Structure formats: structure tokens, C-alpha cells
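Visitor: Take a look at this one; I'll ask things after.
Chains as they are written, first to last, in the working numbering: chain A, 1 to 114; chain B, 1001 to 1118.
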């Protein structure tokens, strides 16, 4: 089954404790991205990757890191999480970055930083 | 400036009523794509439709229909005979595809919470 898998689905952590949210897709898509969703703000892009070893900042990259060492994986790293990073996070992949096909989204990761 | 505006934050209707969710977008690109996604209470994002800027034909899929009007930069979504299962947050999104645009970025509206009461 074609899918984007995020882990964990839920995470509660403390301020400053490094964490990684994993994202994996099995569709051989070149383009992957991370979004955060906050009430009243919709989804905003954090980082995106056009292909292996090619990443770039989205609208809200501060406090986040990503890596793309393999085509299928695109982890989101929070080196020192803060409470303002409490949010719902989505990973997405698509075969093309142009919008010619829809993006496939993971199930979401609900992160709480206390 | 917000590229995608969903002015309706919340809408409540009673089952079997028709409801229209508004979406207004802003872009200078000639090639772009518009999307609607549904987010049910379980939280996942469900793709509903994609429209490119060169295709202004309205689309109907069962109880769902979409009205794309470039003249007013709108891409509205209508649910006919709404059902309780339609209760969700609905997002409109824009992807710009002209040369020089930031490819791959989906600009989302802030979403419209639709509640359908039995």
C-alpha cells in the first residue's frame, strides 16, 4: 500500500530534550516536505527536499533541522525543543514539486513540549 | 499577505442542507494548482481534488462540487445534502508552478471547520 509513515504519532517531551520525528514513504517520490499545523493558522511549511541531499527552508524553519540521506526517509529534528513547537506535524511526499499531482500526507505527529 | 484565504472559520449546518466553503487565492503565476483537503476529527489529511489553472470546468463528484473562477480568484467547494460524516476541517491550498516560483510549496488557507448536526 502506498503510504507516508510518520513516527511517533504522539509525543510529549520536555524543553531542551532533542527529538526526531521520522518520515518514510514507499512510493519512490523525489519531493518531500514537513508542515506544522496550528489552530487558526492552517498548515505552514517547515522544510522541503527536492531529492537526496537537497533540502531547503520553508516558511517556518527556525528551531528545526532535516536531512535527506535516502530517498525514502526525511526525518525532522528538533535539537532543543521549546513549548512554542507544540504542534501537529505532517510529512508529505509527491512525485513532482509542481503540484501536477497531489501530495500524500502522513498520519500526523502530535507533539507537546512542556 | 495570505496567498489563500478561507474567510469562514466555522460553519454549522443541519443534515441535508447544502453548504459552500469559500476559497480565494492570490498568485501572479499563470500556471498554478489548487487543492482541497479534508481533515476529519481523526486528524489525517484526505485529498479531495486538484485543479490546474488552465481548467476552469466545474467538477462534480457525488455530493461534492467545485466551482473554479479565475476572474474572481476563487475555488469554492459545495457539499450537497450534507451528512454528519462531512463534519471536518476543510483546507484549500495553492501550489505555484511558473519558472522561478518556489516549486513544491503548498500554501494552505487557515481552514474552515464544518459541523453538520443531525
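All residues carry an ideal CB built from backbone N, CA and C; glycine is no exception. Computed from a prediction, not measured in an experiment: that's the story for all the values here.
In the DSSP output, which residue or residues are listed as bridge partners for residue 1023(B)?
Guide: In the second chain, the residue the question calls residue 1023(B) occupies position 23. According to DSSP, which records beta bridges pairwise, residue 1023(B) is partnered with nothing at all.
Visitor: In the DSSP assignment, what are the bridge partners of residue 26(A)?
Guide: In the first chain, counting from the first residue as 1, residue 26(A) sits at position 26. The partner list for residue 26(A) (beta bridge, DSSP) is empty, contrary to what the question assumes.
Visitor: Return the chain-ordered ranges of every beta strand (DSSP E) run that is complete within the region 1034 to 1084 of chain B and spans a minimum of 3 residues.
Guide: Qualifying beta strand (DSSP E) stretches, in chain order: 1046 to 1052, 1059 to 1061, 1064 to 1069, 1074 to 1079.
Visitor: Looking at chain B, is there any beta carbon in it that lies within less than 8 Å of the beta carbon of residue 25(A)?
Guide: Walking along the first chain from the start, residue 25(A) turns up at place 25. Chain B contact via Cβ: absent.
Visitor: Can the beta-carbon of residue 72(A) be found closer than 8 Å to that of residue 24(A)?
Guide: Here residue 72(A) refers to the residue found at position 72 when the first chain is read from its first residue. Here residue 24(A) refers to the residue found at position 24 when the first chain is read from its first residue. Yes; because the gap between Cβ atoms is below 8 Å, this pair is in contact.
Visitor: According to DSSP, simplified to helix, strand and coil, what is residue 1098(B)?
Guide: Your numbering for residue 1098(B) matches position 98 in the second chain. Residue state, collapsed to three classes: coil.
Visitor: Which residues of the region 1037 to 1049 of chain B have a Cβ closer than 7 Å to any Cβ of chain A? Give them in chain order.
Guide: Listed in sequence order: 1043, 1044, 1045, 1047.
Visitor: For residue 21(A), which of 11(A), 28(A), 59(A) has the nearest alpha-carbon?
Guide: On the first chain, residue 21(A) is found 21 positions in, with the first residue counted as 1. Checking every option, the nearest Cα to that of residue 21(A) belongs to 11(A).
Visitor: Identify every run of the alpha helix (DSSP H) within the region 81 to 112 of chain A, keeping only runs that are complete inside it and at least 4 residues long; order them along the chain.
Guide: If we require 4 residues or more, the region 81 to 112 of chain A turns out to have no alpha helix (DSSP H) run fully inside it.
Visitor: Just confirm the distance between the C-beta atoms of residue 2(A) and residue 27(A), as a whole number of angstroms; I'd bet it's less than 8 Å.
Guide: Position 2 of the first chain, counting from 1, holds the residue named residue 2(A). Position 27 of the first chain, counting from 1, holds the residue named residue 27(A). Their Cβ separation, rounded to whole angstroms, is 5 Å, which keeps residue 2(A) and residue 27(A) in contact under 8 Å.
Visitor: Given a limit of 9 Å on CB to CB distance, which residues of the region 73 to 89 of chain A reach chain B?
Guide: Those would be 88, in chain order.
Visitor: By the 9 Å beta-carbon criterion, what residues does the region 57 to 72 of chain A contribute toward chain B?
Guide: Per Cβ criterion, the list reads 58, 59.
Visitor: Cβ closer than 7 Å: which chain B residues qualify as neighbours of residue 33(A)?
Guide: Residue mapping note: residue 33(A) aligns to position 33 of the first chain, counting from 1. Those within 7 Å of residue 33(A) in chain B are 1104.
Visitor: Anything in chain B within Cβ reach of residue 103(A), meaning under 7 Å, just list it in chain order.
Guide: Taking the first residue of the first chain as 1, we reach residue 103(A) at position 103. By Cβ distance, chain B contributes 1106.
Visitor: Any C-beta of chain C sitting closer than 8 Å to the C-beta of residue 1109(B)?
Guide: Judged by its chain identifiers, the structure shown contains no chain C, and its protein chains are A and B.
Visitor: Does any CB atom of chain B fall closer than 8 Å to the CB of residue 97(A)?
Guide: Residue 97(A) sits at position 97 when you count from the first residue of the first chain. Closer than 8 Å: yes.
Visitor: What beta strand (DSSP E) runs, 3 residues minimum, are completely inside the region 9 to 57 of chain A?
Guide: Whole beta strand (DSSP E) segments, 3+ residues: 10 to 13, 19 to 25, 31 to 38, 42 to 51, 54 to 57.
Visitor: To the nearest angstrom, how far is it from the Cα of residue 51(A) to the Cα of residue 1117(B)?
Guide: If you number the first chain from 1, residue 51(A) lands on position 51. If you number the second chain from 1, residue 1117(B) lands on position 117. Their Cα atoms are separated by approximately 45 Å.
Visitor: Closer than 7 Å by C-beta to residue 1004(B): which residues in its own chain qualify, once you throw out the five before and the five after it? Chain order, please.
Guide: One-based indexing of the second chain puts residue 1004(B) at position 4. 1023, 1025, 1092, 1093, 1094, 1107, 1108, 1109, listed in sequence order.
Visitor: Drop a sphere of 10 angstroms on the beta-carbon of residue 1079(B), count the other beta-carbons inside from all chains shown, and report buried for 16 or more, exposed for fewer.
Guide: Start at 1 with the first residue of the second chain, and residue 1079(B) comes out as number 79. When all chains shown are included, residue 1079(B) counts as buried.
Visitor: Would you mind telling me which residues of chain A sit closer than 8 Å to residue 1091(B), beta carbon to beta carbon, in chain order?
Guide: Counting from one through the second chain, the residue named residue 1091(B) turns up at place 91. Result: 42, 43.
Visitor: Roughly how many angstroms lie between the CA atoms of residue 1086(B) and residue 1115(B), to the nearest whole one?
Guide: To locate residue 1086(B), count along the second chain from 1; it is residue 86. To locate residue 1115(B), count along the second chain from 1; it is residue 115. If I take the Cα positions, the gap works out to 8 Å.
Visitor: What does residue 48(A) reach in chain B if we use C-beta pairs closer than 8 Å?
Guide: The residue labelled residue 48(A) in the question sits at position 48 within the first chain. The contacting residues are 1104, 1105.
Visitor: Tell me which residue opens and which closes the beta strand (DSSP E) that residue 6(A) is part of.
Guide: The residue labelled residue 6(A) in the question sits at position 6 within the first chain. From DSSP, the beta strand (DSSP E) with residue 6(A) extends over 4 to 7.
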